[in-house]
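Enquirer:
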Amino acid sequence: MERLPDKGVYLLLIFLPMDEDLSVGALGEKHFRAGYYVYVGSAQRNLKKRIERHLRREKRKRWHIDYLLSKAEVRDVLAYPWEKEWEERIAKAMGERYPGVKGFGASDSGASSHLFYLKNSEEWEEIKSLCEELYIS
């Protein structure tokens, strides 16, 4: 993470070891199946600090993702020096391919979700390719 740009779009590969029912701020109670998730976010400044915050266990719950990360762990991070609109583009494209948690992380977005459930961790490689294909096209 030493060489991250100051701003950009990031994706977190998250592993939840067991099923959890969590209260997620204004979204209310949500059920999360055990397994892998991908969260799509962005930072308009201090991208490195934003990602480091997600990796910390102890923090005030500010965003929807903070509630999930209180029970889950980040397994990998992708970061791109792309403008904020790419966050929504990626989330919308992922919503066409992967089941999303409705409303999660999407309060300021036209996408229905910014958190997606994966069948297995191998789908993470597909997501990397998807991001690159979206950016090239």
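Here the working numbering = 1-based position in the sequence shown + 1223. Idealized CB from N, CA, C, for every residue including glycine. These numbers were taken from a predicted model, which means no experiment stands behind them.
1. Are the segment 1290 to 1298 and the segment 1259 to 1278 touching, with three or more C-beta to C-beta distances below 8 Å?
2. Report the option in 1269, 1270, 1250 whose CA atom is closest to the CA atom of residue 1286.
3. Take residue 1332 as the anchor and find which of 1315, 1320, 1340, 1345 has the nearest alpha-carbon.
4. Could you please give the first and the last residue of the uninterrupted alpha helix (DSSP H) stretch that includes residue 1315?
5. Contact defined as beta carbons within less than 8 Å: I believe residue 1239 pairs with residue 1261. What is the distance between those atoms, to the nearest angstrom?
6. Relative to the alpha-carbon of residue 1320, which residue among 1307, 1354, 1289, 1292 has its alpha-carbon at the smallest distance?
7. Quick one, are the C-beta atoms of residue 1229 and residue 1268 less than 8 Å apart?
8. With burial defined as no fewer than 16 other Cβ atoms inside 10 Å of the residue's Cβ, what is the status of residue 1337: buried or exposed?
9. Determine the direct distance from the alpha carbon of residue 1323 to that of residue 1340, and round the result to whole angstroms.
10. In whole angstroms, what separates the C-alpha of residue 1266 from that of residue 1231?
11. Taking a contact to mean a Cβ-Cβ separation below 8 Å, would you say residue 1291 touches residue 1237 in this structure?
12. Could you check whether residue 1288 and residue 1328 sit closer than 8 Å to each other, using their CB atoms as the reference points?
13. I need the DSSP call for residue 1289, collapsed to helix, strand or coil.
Expert: In short, the structure shows the following:
1. yes
2. The count along the sequence shown starts at 1 and reaches residue 1286 at position 63. Of the listed residues, the one whose Cα sits closest to residue 1286 is 1250.
3. Here residue 1332 refers to the residue found at position 109 of the sequence shown. For the residues 1315, 1320, 1340, 1345, the minimum Cα distance to residue 1332 belongs to 1315.
4. For the purposes of this step, residue 1315 is taken as the residue at position 92 of the sequence shown. From DSSP, the alpha helix (DSSP H) with residue 1315 extends over 1308 to 1318.
5. In the sequence shown, counting from the first residue as 1, residue 1239 sits at position 16. In the sequence shown, counting from the first residue as 1, residue 1261 sits at position 38. That belief does not hold up - the Cβ atoms of residue 1239 and residue 1261 are roughly 12 Å apart, past 8 Å.
6. Taking the first residue of the sequence shown as 1, we reach residue 1320 at position 97. That would be 1354, whose Cα lies nearest to the Cα of residue 1320.
7. Position 6 of the sequence shown holds residue 1229. Position 45 of the sequence shown holds residue 1268. Yes.
8. Start at 1 with the first residue of the sequence shown, and residue 1337 comes out as number 114. Buried.
9. Here residue 1340 refers to the residue found at position 117 of the sequence shown. Here residue 1323 refers to the residue found at position 100 of the sequence shown. For residue 1340 and residue 1323, the distance between alpha carbons rounds to 6 Å.
10. Along the sequence shown, one-based indexing puts residue 1266 at 43. Along the sequence shown, one-based indexing puts residue 1231 at 8. About 6 Å.
11. Along the sequence shown, one-based indexing puts residue 1291 at 68. Along the sequence shown, one-based indexing puts residue 1237 at 14. A contact, by the Cβ cut-off of 8 Å.
12. Residue numbering aside, residue 1328 sits at position 105 when the sequence shown is read from its first letter. Residue numbering aside, residue 1288 sits at position 65 when the sequence shown is read from its first letter. Yes, Cβ-Cβ distance for residue 1328 and residue 1288 is below 8 Å.
13. Position 66 of the sequence shown holds residue 1289. Note: residue 1289 maps to helix in three-state DSSP.
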